[in-house]
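Chains as they are written, first to last, in my numbering: chain A, 542 to 758; chain B, 229 to 462; chain C, 2 to 257.
In this text, a Cβ means the ideal position worked out from N, Cα and C, and glycines have one as well.
Just so it is clear, the structure is predicted and the values come from calculations on it, not from any experiment.
Below: one structure, written as structure tokens.
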Amino acid sequence: MTLAVTAVALLIGAVLGAIVAAAKLSGNRVLSFLGSVYTTVFRGVPELLIIYLIYFGGSTAVTAIGQAMGYEGFLGLPSFAAGALAVGIISGSYQAEVFRGAYLAVAKGELEAASAIGMSRALRFRRIIMPQVLRYALPGVGNVWQLSLKDSALISVTGLAELMRTSQVAAGSTRQYFLFFIVGGALYLVLTSLSDQVFDRAERRANRSMPSAMGQV
Amino acid sequence: MDIAFLSSTMVTLLKALPVTLALFALSVTIGCVLALVIVWMRVGGNRYLAAFAKGYIFVFRGSPLLIQMFLVFYGLAQFDFIRNGPLWPLLREPFVCAVLSLALCTGGYSAEIFRGGIRSVPPREIEAARAIGMSGFLLVRRIIAPIALRYALPAYSTEVVLMMKSTSLASLVTVWEVTGVAQRLISHTYRTMEVFLCAAVIYLVLNFIVLQAMALLEHVLSRHLRAAPPAAKV
Amino acid sequence: MPEVPRLSVRDIRKSFGSHEVLRGISLEARDGDVISLLGASGSGKSTFLRCINLLEVADGGEVWVDGEQIRMVQKGGRNRPASQKQVDHIRAELGMVFQSFNLWSHMTILQNVVEGPVHVLKRPRAECVEEAHALLRKVGIGDKADAYPAHLSGGQQQRAAIARALAMKPKVMLFDEPTSALDPELVGEVLRVMRALAEEGTTMLVVTHEMGFARNVSNRVAFMREGLVDSMGPPQEMFGAGASPAFRQFIGHFQA
Ligand SMILES: Nc1ncnc2c1ncn2[C@@H]1O[C@H](COP(=O)(O)OP(=O)(O)OP(=O)(O)O)[C@@H](O)[C@H]1O
Ligand SMILES: [Mg+2]
Chain A
542 MTLAVTAVAL
552 LIGAVLGAIV
562 AAAKLSGNRV
572 LSFLGSVYTT
582 VFRGVPELLI
592 IYLIYFGGST
602 AVTAIGQAMG
612 YEGFLGLPSF
622 AAGALAVGII
632 SGSYQAEVFR
642 GAYLAVAKGE
652 LEAASAIGMS
662 RALRFRRIIM
672 PQVLRYALPG
682 VGNVWQLSLK
692 DSALISVTGL
702 AELMRTSQVA
712 AGSTRQYFLF
722 FIVGGALYLV
732 LTSLSDQVFD
742 RAERRANRSM
752 PSAMGQV
Chain B
229 MDIAFLSSTM
239 VTLLKALPVT
249 LALFALSVTI
259 GCVLALVIVW
269 MRVGGNRYLA
279 AFAKGYIFVF
289 RGSPLLIQMF
299 LVFYGLAQFD
309 FIRNGPLWPL
319 LREPFVCAVL
329 SLALCTGGYS
339 AEIFRGGIRS
349 VPPREIEAAR
359 AIGMSGFLLV
369 RRIIAPIALR
379 YALPAYSTEV
389 VLMMKSTSLA
399 SLVTVWEVTG
409 VAQRLISHTY
419 RTMEVFLCAA
429 VIYLVLNFIV
439 LQAMALLEHV
449 LSRHLRAAPP
459 AAKV
Chain C
2 MPEVPRLSVR
12 DIRKSFGSHE
22 VLRGISLEAR
32 DGDVISLLGA
42 SGSGKSTFLR
52 CINLLEVADG
62 GEVWVDGEQI
72 RMVQKGGRNR
82 PASQKQVDHI
92 RAELGMVFQS
102 FNLWSHMTIL
112 QNVVEGPVHV
122 LKRPRAECVE
132 EAHALLRKVG
142 IGDKADAYPA
152 HLSGGQQQRA
162 AIARALAMKP
172 KVMLFDEPTS
182 ALDPELVGEV
192 LRVMRALAEE
202 GTTMLVVTHE
212 MGFARNVSNR
222 VAFMREGLVD
232 SMGPPQEMFG
242 AGASPAFRQF
252 IGHFQA
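Laid out in structure tokens, this is it:
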């Protein structure tokens, strides 16, 4: 469950991050200003507060829509959706910075080299920049994943029965808090160290496929 | 825009600001000292201390702060020797539990950041210090620490901002700081957006101040990297 | 009563893994001696200097500074200094100048120079600052006291590093190729400072590739080859007819 929330959140974050990074890099003043506002606000405000915003704000919106459609009473946003969306928005703000940094790292030398051999703009972007950006971004995305994994623990406050919540409920019912939180914490440790290894391996693979590029960094 | 509501919300939230600031200041200070101890264990050369430090860093960076906080808050109370121990009047306080878990957690993260700073100290400068007869604490105090601090500062200021945000978790163990009060306001008024805006502004301003302070410190510590002052140019 | 040598090194041996770099080197420097240490790259000159002030721990042999022996013990099958305190004290008596200067980048030149006297020797700061200014003037960078190392040329940095070592009032100065990292036009200014020190009677052990310095400034030249002192003697002898075939071949490379 934790993994599912985090994975969905990371996907949402990747899309948002790419859009925001593009906005910040667009050169258009208004767009890059909006992009900056996004990354500043969502990286600067406590995660918990953002989860409240999405959960309560989302529920209010859903209720309003429900009322417009003739449904009486309060409609809650599904916890899974609210949680994934909230963590996704947060991770999007971090991923935007990761992508932007990676793009800037690539853009300098590579661009000139690529246009020198006469590639079209679109081709250049698809063939040269994207793979490189992804390679540069990988360690950063790894960090964001770890961050989101731990943020997902916060979703418990909206009532989603994911890892955190499970250990809390179990702890509450048996009063064996210590044991259950320890188990919950240990599960997280397993998750984070496993994903650390996965990203390590992915990174090594990405770097192996482009051995010459490492020297230029 | 309901200016009256916004301003009354702001006033309510600002009343909780001292709690947030106290959580922040105490946990960052204690966490920093803790990090220094851990990083000393980690690089000090004693195999067992290093293994302990490694384990500490792994555990506190690898698990969510919320779990750590719940462990301290709900978990500790289960042990009779703690309930009967001399520290119980302290450990019973949610505020103390929150500070404790925040400090323990940032201790792990900061230790790793400081270690990165130490690793980037040029070995040659350390060697030059050894060659004039420095060793042990003197070497750390005069040469390694100042250089490492400079290198660690950017990452450390990020960590400090993260700590500012993390103080919000204290609301989940019943410490009424800004986010907790905001949550209560939201569930009373259902005006999520306005309350969120006010709270967000508070946190952004706090972060801004912290970052400015850090940037100032970095500026002071980077004198040797900037261009020579005009007077010294020949 | 025979004079105590400033520095006496006996039968120093050192291996890195299976690679035997020093195979028993002995050397003695009396007060005012200026010894040039020559040898091909990789012959172990730096390793030898580093063994003297224990930046590298030799596998065997003795080091005496001004009549005091550095005590060593066998621990876990390895040779180790017996007392860190003694090591610090001996190092304070040996001034080391590195090929790459190794000034502390976060301190001004003046701070670099007073650091040792104030914090290692625990002498009063005001006195040290005054001496430091005098030393900086002596090496020709009196106007750079408040600059940071990054703002100085290589030659100026190396002269600052020499001042930093001199500030400790060492019994012996050790130089490890002090001019090798410098642009050719900056070599002269550093060599001039070293020559002045030699003329004042400073005891110096200098690893160098500067044949002019070895020939004209030092009073003894030692040639290292394959981890041993191949030959040693006054420059007139070494650069004259009495040179060993290996040394003659070595200096042949420099004249070519
Ligand atoms: N820390 C070390 N570990 C392994 N081998 C080393 C180490 N330091 C030096 N060596 C080896 O010892 C040998 C002697 O090195 P050293 O630096 O003393 O030579 P050198 O005479 O100073 O040469 P150069 O003129 O290039 O400075 C070299 O073959 C080198 O590879
Ligand atoms: Mg050398």
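Item, Value
"Can you tell me which of the three DSSP states valine 5/C falls into?", "coil"
"Can a CB atom of chain B be found closer than 7 Å to the CB of alanine 199/C?", "no"
"At a cut-off of 6 Å, would you count serine 329/B as near ligand 2, judging by its Cβ distance to the nearest heavy atom?", "no"
"Below 8 Å, how does it come out for the segment 254-262 of chain B and the segment 410-419 of chain B: are there three or more Cβ pairs, yes or no?", "no"
"Output the distance between the C-alpha atoms of isoleucine 696/A and arginine 745/A, rounded to the nearest integer angstrom.", "33 Å"
"Where do the ends of the alpha helix (DSSP H) carrying histidine 416/B lie?", "406-417"
"So is the beta-carbon of glycine 62/C under 6 Å away from any non-hydrogen atom of ligand 1?", "no"
"When we look at the beta-carbon of histidine 447/B and count the other beta-carbons within 10 Å, is it buried (16 or more) or exposed?", "exposed"
"According to the Cβ coordinates, are alanine 678/A and valine 628/A closer than 7 Å?", "no"
"Specify whether the segment 327-343 of chain B and the segment 95-108 of chain C touch according to this definition: at least 3 beta carbon pairs, one from each stretch, less than 8 Å apart.", "no"
"With a CB to CB cut of under 8 Å and the five nearest residues on each side skipped, what residues in its chain are close to leucine 234/B?", "Glu422, Leu425, Cys426"
"Would you say the beta carbon of phenylalanine 17/C comes nearer than 6 Å to a heavy atom of ligand 1?", "yes"
"Let me confirm a value: leucine 701/A is counted as buried when at least 16 other C-beta atoms fall within 10 Å, else exposed. Which label applies?", "Low per-residue confidence applies at leucine 701/A: pLDDT is 48, beneath 50, and the placement is therefore not dependable enough to give any value."
"Which residues of chain B have a Cβ atom closer than 8 Å to the Cβ of valine 121/C, listed in chain order?", "Ile360, Gly361, Met362, Leu366"
"Is it the case that the CB of serine 634/A approaches a heavy atom of ligand 2 more closely than 6 Å?", "no"
"Would you call glycine 18/C buried or exposed, if buried means 16 or more other Cβ atoms sit within 10 Å of its Cβ?", "exposed"
"So what's leucine 39/C in DSSP terms, helix, strand or just coil?", "strand"
"What is the DSSP secondary structure of histidine 447/B, reduced to helix, strand or coil?", "helix"
"Would the beta-carbon of threonine 204/C fall within 7 Å of that of valine 230/C?", "no"
"Below 6 Å, is the gap between the Cβ of valine 22/C and the nearest heavy atom of ligand 1?", "yes"
"Do the CB positions of valine 406/B and leucine 293/B come within less than 7 Å of each other?", "no"
"Please classify valine 758/A: does DSSP put it in a helix, a strand, or coil?", "No answer about valine 758/A holds up, because its pLDDT of 26 lies below 50 and its placement is not dependable."
"Considering just the uninterrupted stretch of the beta strand (DSSP E) at methionine 169/C, what are its terminal residues?", "Methionine 169/C -> no beta strand (DSSP E), and no H or E assigned at all."
"Who are the neighbours of asparagine 274/B on chain A, taking C-beta pairs under 9 Å?", "What asparagine 274/B touches in chain A: nothing, since even the nearest Cβ is about 24 Å away."
"Confirm the yes/no value for this check: CB of threonine 48/C, any heavy atom of ligand 1, distance under 6 Å.", "yes"
"Within 7 Å (strictly less), CB to CB, does glycine 117/C reach chain B?", "yes"
"DSSP puts glycine 96/C in a beta bridge; with which residues?", "Met174/C"
"Taking the alpha-carbon of alanine 428/B as reference, which of Leu626/A, Asn569/A, Arg742/A, Pro587/A has the nearest alpha-carbon?", "Pro587/A"
"Within 8 Å, do at least three Cβ pairs link the segment 625-640 of chain A to the segment 679-689 of chain A?", "yes"
"Just the chain B side, please: which residues come within less than 9 Å of glutamine 158/C by C-beta, in chain order?", "By Cβ distance, chain B contributes nothing, its closest Cβ being about 12 Å from glutamine 158/C, past 9 Å."
"For chain C, is any of its Cβ atoms less than 7 Å away from the one on proline 458/B?", "Because the pLDDT of proline 458/B is 49, which lies under 50, any placement of that residue in the model is unreliable, and the question is left without a value."
"Identify the continuous alpha helix (DSSP H) that holds glutamine 608/A and give its terminal residues.", "599-609"
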